[in-house]
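Numbering (my numbering), first residue to last: 3 to 276. Cβ coordinates follow ideal geometry from the N, Cα and C atoms, glycine included. Here is the structure we will look at.
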């Protein structure tokens, strides 16, 4: 399985790297498409467990949130979400009249999916569109990619103590701590490269990079555990079957979402404080 996952990742790497580096509309549309697939998987996952979230609204709402973020930033979020709440509640009231047994929970799942996948996921675009966005994106996402890989490899070899036995039995404290260590080193390395390449114009230095890498590699794995919790509750192995060995889109981006939003706000704080 690991070999299959690695082979697919290597094959797709040149295309993914080009799209990220380009950072134009192709990148934004690609992220929007991935988030739309993830929203569909979120709804389908709970649907398979006997719930009835509004899957069409999940997809449309996610796309709408991303489009609003692209064109208006955060300025009209409150208007959009007010509309989403009204439409979603209307949908589920009608669905309850048609015999749905858990419409209150379904309503909450619909809103949660749009907020979690759409609003938080849109930070993958927001962080890339910042000044020096490519650097901030790479710093944030590389930190969790390296941390995840280190946690997997170190945990398999040296893991003894279960991190979350009920949610994800294969994860260990040893792997998690190794991931944090590698996340800190990755962040420091990215910060140093940025400083070497841009000099005093660089957004951060090695120390600031280490802080970002440390925070992201410590907190972002909760995104993975959260999606695993959903799957355990429903009794599903993956959220979808996007790529062999990789599960669904939501499986792939569970830590990306947290990394992007954490990276964005850490970038705001660190640049504001000098």
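**Sequence-distant residues of its chain with Cβ nearer than 8 Å to residue 156 (five each side left out)** = Within the same chain, and ignoring the five residues on either side of residue 156 in sequence, the residues whose Cβ sits closer than 8 Å to its Cβ are 176, 177, 180, 181.
**Prompt:** What do you get for residue 124, buried or exposed, if any count of 16 or more other CB atoms within 10 angstroms of its CB means buried?
**Reply:** The residue is buried, with at least 16 neighbouring Cβ atoms inside 10 Å.
**Prompt:** Among 225, 103, 135, which one has its Cα closest to the Cα of residue 170?
**Reply:** Per the Cα distances, 225.
**Message:** Does residue 163 pass the burial test, meaning 16 or more other C-beta atoms within 10 Å, or should it be called exposed?
**Reply:** Answer is exposed; the Cβ neighbour count stays below 16.
**Request:** With a floor of 4 residues, list each alpha helix (DSSP H) that falls wholly inside the stretch 172 to 200, ordered by position along the chain.
**Result:** Listed in chain order, the complete alpha helix (DSSP H) runs (minimum 4 residues) inside the stretch 172 to 200 are 175 to 200.
**Message:** Going by DSSP, what residue range makes up the alpha helix (DSSP H) through residue 219?
**Reply:** Per DSSP, residue 219 belongs to the alpha helix (DSSP H) from 208 to 221.
**Request:** Work out the CA separation of residue 173 and residue 167 for me, nearest whole Å.
**Result:** Approximately 8 Å, taken between the alpha carbons.
**Asked** CB residue 186 to CB residue 196, shorter than 8 Å?
**Response** Contact annotation: residue 186 and residue 196 have beta-carbon atoms that are not nearer than 8 Å.
**Asked** Which partner residues of residue 142 appear in the DSSP bridge assignment?
**Response** Listed as beta-bridge partners of residue 142 by DSSP are no residues whatsoever.
**Burial state of residue 159 (16 or more Cβ within 10 Å)** = Flag for residue 159 reads exposed.
**Residue span of the beta strand (DSSP E) that contains residue 165, given as start and end** = In the DSSP assignment, residue 165 falls within the unbroken beta strand (DSSP E) covering 164 to 166.
**Request:** Under the assumption that residue 41 contacts residue 60 (Cβ atoms under 8 Å), give the Cβ distance between them as a whole number of angstroms.
**Result:** Right, their Cβ atoms sit about 4 Å apart.
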